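In this note's numbering, the protein residues as written are 104 to 161. Note that CB positions come from ideal geometry on N, CA and C, so glycine has one too. Please read these numbers as outputs of a predicted model, since none were measured by experiment.
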Amino acid sequence: MISFLEFAIFIIFCLYVFKESFSYGIYEYKNENKFGGVFVIIFSLFSIILSIVAVCIS
Numbered sequence: 104m105i106s107f108l109e110f111a112i113f114i115i116f117c118l119y120v121f122k123e124s125f126s127y128g129i130y131e132y133k134n135e136n137k138f139g140g141v142f143v144i145i146f147s148l149f150s151i152i153l154s155i156v157a158v159c160i161s
């Protein structure tokens, strides 16, 4: 079982990673790579959600 502080740090890290990947996805979307930009955004969203769920379950 993880403590609340560890969980809060993990959530902050996940939000930072999502912000970076979302901004990169927008960058790719605007620069003639629409499929790649959308794929990066969707993949990062699902990976962040699944990692939070996995930590909550364990």
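From V141, K137, S150, residue whose alpha carbon lies closest to that of C117:
Taking the sequence shown and counting its residues from 1, one reaches residue 117 at position 14. Out of V141, K137, S150, the CA that lies nearest to the CA of C117 is found in S150.
So, helix, strand or coil for E109, using DSSP?
The sequence position of residue 109 within the sequence shown is 6, counting from 1. DSSP places E109 in helix when its eight states are reduced to three.
Between the C-alpha atoms of A111 and F142, what's the straight-line distance to the nearest angstrom?
Here residue 111 is taken as the residue at index 8 of the sequence shown, counted from 1. Here residue 142 is taken as the residue at index 39 of the sequence shown, counted from 1. Rounded to whole angstroms, A111 to F142 spans 27 Å at the Cα level.
Mapping DSSP to helix, strand and coil, what is E135?
Residue 135 sits at position 32 when you count from the first residue of the sequence shown. If DSSP states are grouped into helix, strand and coil, E135 belongs with coil.
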